[in-house]
Amino acid sequence: MSAPPPTPDTVPLQFFFLENGEISSEQDQAAVDAFAADFQGLRHFGTKLGQAMNLKGAWIGAVQESDFSVIYRLDDTDVGPNTTGVGARIGEQALLTELLESLKPGDF
Amino acid sequence: MPATITPSLRSALERLRNAGAINGLCLAWRRQVLISLLPFEEFRAERIVQAVEDARDHFSTGDRNAQTVWFGFEGVFVLARFFKDTTLVVLHTREEDVDFINSVAATFLDDSQLLIEALINPPPSQPEGDTELLH
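So the protein sequences, as listed, match chains D and E. Counting from 3, one number per residue, gives the positions in the first sequence under our numbering. Counting from 18, one number per residue, gives the positions in the second sequence under our numbering.
Right, dumping it as structure tokens:
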């Protein structure tokens, strides 16, 4: 009997890599797609928020829910369309500083 | 006779602003700016609130319910904490403060619901000066 598919509150810490507008990961396609949707949403609203403050787009973006957290961090604060970076998501209300710390090179 | 204490959302927010590396605060109710202590013009404060509320709506569909969104820009971070119909936007400068500020924002919003309710729906006997929306 196969295990049930993970629901949002059972997602383990997962990492995603952003390069040249593409997202890659060791996770399955469903996880990549889910992260990609959140990443695109965060980029969109980060850009919108930046425009409101007369700033460039956001190089960090995160959403925290009661049982789920997702975050991305780009390698350069000078955000461009081909900027590289790392993202993560986890099925718990994780501390954002801990999630950021987990995105440092060598930790995954 | 005990002195009358007049609670003030603005003074509470100003105390928050002086708490650390915070350089701007904005309290909103249903996309309406109640108090802005942001270093921007009013129209920018309104755009900021619209942007974070749009993000909240986007990430609160289905089973999801966004409590916090956080963005990092060159030189400044923006945290928006949501509670019921209210939102507190905080501009801060130190990345490592984010969880502390998130916690403080949650407590502030929880503790301020009665004051916000009084501001939105003032009792008939309350003097007009205390019910004015502050910007």
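The beta-carbon is built from N, C-alpha and C at its ideal position, and this holds for glycine as well. Remember, it's a predicted structure, so these values are computed and weren't measured experimentally.
Limits of the unbroken alpha helix (DSSP H) element including Asn82/E: Per DSSP, Asn82/E lies in no alpha helix (DSSP H) and is assigned neither H nor E.
Selected residue, minimal CA-CA separation from Gly63/D, among Leu44/D, Gln95/D, Gln31/D and Pro107/D: Measuring C-alpha to C-alpha distances from Gly63/D to each of Leu44/D, Gln95/D, Gln31/D and Pro107/D identifies Leu44/D as the nearest.
Spatial neighbours of Ala81/D in its chain, beta-carbon cut-off 8 Å, leaving aside the 5 residues before and after: Position check: residue 81/D holds Val in this sequence, whereas Ala was assumed. Correct list, in chain order: Lys58, Gly59, Ala60 and Trp61.
Under the three-state DSSP convention, the category Arg45/D falls into: Reduced to three states, the DSSP call for Arg45/D is helix.
Minimum C-alpha distance to Ser71/D - residue among Ser104/D, Leu51/D, Thr86/D and Asn56/D: Ser104/D is the residue among Ser104/D, Leu51/D, Thr86/D and Asn56/D whose C-alpha sits nearest the C-alpha of Ser71/D.
Those residues which DSSP pairs with His109/E across a bridge: Residue pairing by DSSP places His109/E opposite Ile39/E and Phe94/E in a beta bridge.
Meets three-Cβ-pair contact criterion under 8 Å: the stretch 75-91 of chain E and the stretch 46-65 of chain E: No, the stretch 75-91 of chain E is not in contact with the stretch 46-65 of chain E.
Leu54/E (DSSP reduced to helix, strand or coil): In this structure, Leu54/E counts as coil in the three-state DSSP scheme.
Partner residues on chain D for Asp116/E, Cβ-Cβ distance less than 9 Å: Simply Leu97, Leu98, Thr99 and Glu100.
Between the CA atoms of Leu102/D and Gly89/D - distance to the nearest angstrom: If you take the alpha carbons of Gly89/D and Leu102/D, they lie about 9 Å apart.
Ala33/D versus His46/D, Phe17/D and Glu21/D, residue with shortest Cα-Cα distance: Comparing Cα positions, the closest option is Phe17/D.
Meets three-Cβ-pair contact criterion under 8 Å: the stretch 101-121 of chain E and the stretch 32-47 of chain E: Yes: the two stretches touch, three or more of their Cβ pairs being nearer than 8 Å.
Residues bridged to Ile25/D (per DSSP): Residue pairing for Ile25/D: DSSP places it in a beta bridge opposite Leu20/D.
Alpha carbon of Thr86/D to alpha carbon of Glu58/E, nearest angstrom: Counting only the Cα atoms, Glu58/E lies some 33 Å from Thr86/D.
Same chain only: Cβ atoms within 6 Å of Ser68/D, ignoring 5 sequence neighbours per side: Cβ within range, chain order: Gln95.
Ser26/D versus Leu108/E: straight-line alpha-carbon distance, rounded: So the alpha carbons of these two residues sit roughly 32 Å apart.
Short-range partners of chain D found in the stretch 96-124 of chain E, where Cβ spacing is below 8 Å: So the list reads Glu112, Glu113, Val115, Asp116 and Asn119, given in the order they occur along the chain.
is_contact[Leu151/E, chain D] using C-beta, thresh 8 Å: With a pLDDT of only 49 at Leu151/E, under 50, the local geometry of the prediction cannot be trusted, and no value is derived from it.
Endpoints, beta strand (DSSP E) assigned at Arg75/D: Annotation for Arg75/D: the continuous beta strand (DSSP E) segment containing it runs Ser71 to Leu76.
Helix, strand or coil at Ile22/E according to DSSP, with G and I counted as helix: Reliability fails at Ile22/E, whose pLDDT of 46 lies under 50, so the model's placement of it is uncertain and no value is given.
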